[in-house]
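If you count the sequence shown from 1, you need to add 86 to reach this note's numbering.
We put the beta carbon where it would ideally sit given N, CA and C, even for glycine.
All values reported here derive from a predicted model rather than from experimental measurement.
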Amino acid sequence: MDDKTNSVDLGIDLGIDFAGVHFKNPVVVASGTFGFGREYSEFYDLSILGGICVKGLTAAKRLGNPPPRVAETPMGMLNSVGLQNPGVDGFIENELPFLRDIDTNIIANISGNTVEEYASMAEKLSDAAVDMIEVNVSCPNVKEGGIQFGTSAAAVEEVTRAVKSKSNIPVMVKLSPNVTDIAEIALSAQNGGADAISLINTLLAMRIDIHTKRPVLYNNTGGLSGPAVFPVALRMVWQVKQAVSIPILGMGGITNGNDAVEMMLAGASLVGIGTANFSDPYASPKTIEGIKSYLSQKGIKSARDITGSVENN
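Printed below as a string of structure tokens:
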């Protein structure tokens with residue numbers, strides 16, 4: 087790398103101010119694909135990341151679903167892990183101290199079966215020195231017959247409002263793509279007081295073993311992620327950007343810097359790297375470098391300048 091290239095790179099600002107939190111760069115690792123960071127810390131210094139969104143937390147410890155609960159599929163994977171996690175208290179006691187030693191933003195992802203569970207977890211995490219809460223609304227509402235919170239605009243607004251009432255840190259709502267109108271759901275989160283939105287979560291999908299004539303996953307269906315969902319995620323981020331005024335963390339099938347830039351052009355301020363971490367543990371650092379390379383090539387000084395800059399036909 088010559089001196090001229092060095093001078094160009096040094097002039098690029100990757101920093102993003104997102105819902106009142108400063109991120110050193112736009113790349114965040116997505117919940118459920120990075121555990122609590124310990125395994126990936128053996129590959130590289132995690133402080134180079136813009137943020138770490140930890141594995142989804144529930145009110146109590148969960149063992150998850152029986153196996154098989156992960157399956158490969160063309161251009162992606164299916165998972166039905168079932169939110170295996172140590173519970174919010176176990177996370178605060180045993181995992182958060184390790185994460186807080188990393189110079190990056192820590193985002194706690196929460197899942198609940200009732201509005202009250204969401205609010206209680208938010209209160210505990212607000213007092214536990216995480217930087218932001220991500221509310222996973224792709225969970226069954228046990229008080230409403232098991233319908234997912236994320237498929238009802240009214241339910242999304244209710245749970246968002248409840249979490250905000252107990253939180254003194256920014257709240258981001260993670261939207262399910264398994265809905266009729268993603269913009270309507272995004273607006274309901276904004277109306278409930280959300281500081282930001284992340285999308286997309288996994289698409290409901292299925293594979294069948296033609297020899298046993300049984301579903302590949304024990305739970306029959308699971309969440310599809312990976313490159314196969316990228317065009318869907320991109321479209322939904324683009325739609326949501328036009329509907330809300332709060333910032334967006336875009337994710338779903340991003341594997342490299344070009345994908346990340348495309349997602350930012352569609353409207354995302356931050357991007358999440360998920361399934362790509364499984365096939366390449368260095369996917370996130372490579373994506374950071376890919377964004378920097380694009381900005382350098384285009385003579386763009388700040389990553390902030392490309393968010394939502396797509397020129398619609």
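Between I283 and D175, the alpha-carbon positions lie close to 25 Å from each other. Annotation for D103: no alpha helix (DSSP H) segment contains it, though the beta strand (DSSP E) segment containing it runs I102 to F104. Taking one beta carbon from each stretch, the segment 206-215 and the segment 235-247 have fewer than 3 pairs nearer than 8 Å; the two do not touch. A direct Cα-Cα distance of roughly 33 Å separates N344 from G278. Membership of A282 in the beta strand (DSSP E) is indicated by the continuous run A282 to L285. The residue among Q325, M337 and F104 with its C-alpha nearest the C-alpha of T288 is M337. Rounded to whole angstroms, the gap between the alpha carbons of L100 and I294 is 44 Å. As computed with DSSP, I334 is found in a beta bridge with I283. With contact defined as three or more Cβ pairs closer than 8 Å, the segment 128-139 and the segment 165-172 are not in contact.
Taking 8 Å as the cut-off, the Cβ atoms of I219 and M258 count as close. Rounded to whole angstroms, W324 and G394 show a C-alpha spacing of 8 Å. Residue range V201 to S212 is occupied by the alpha helix (DSSP H) that includes S212.
Assignment of F235 by DSSP, reduced to helix, strand and coil, places it in the helix class.
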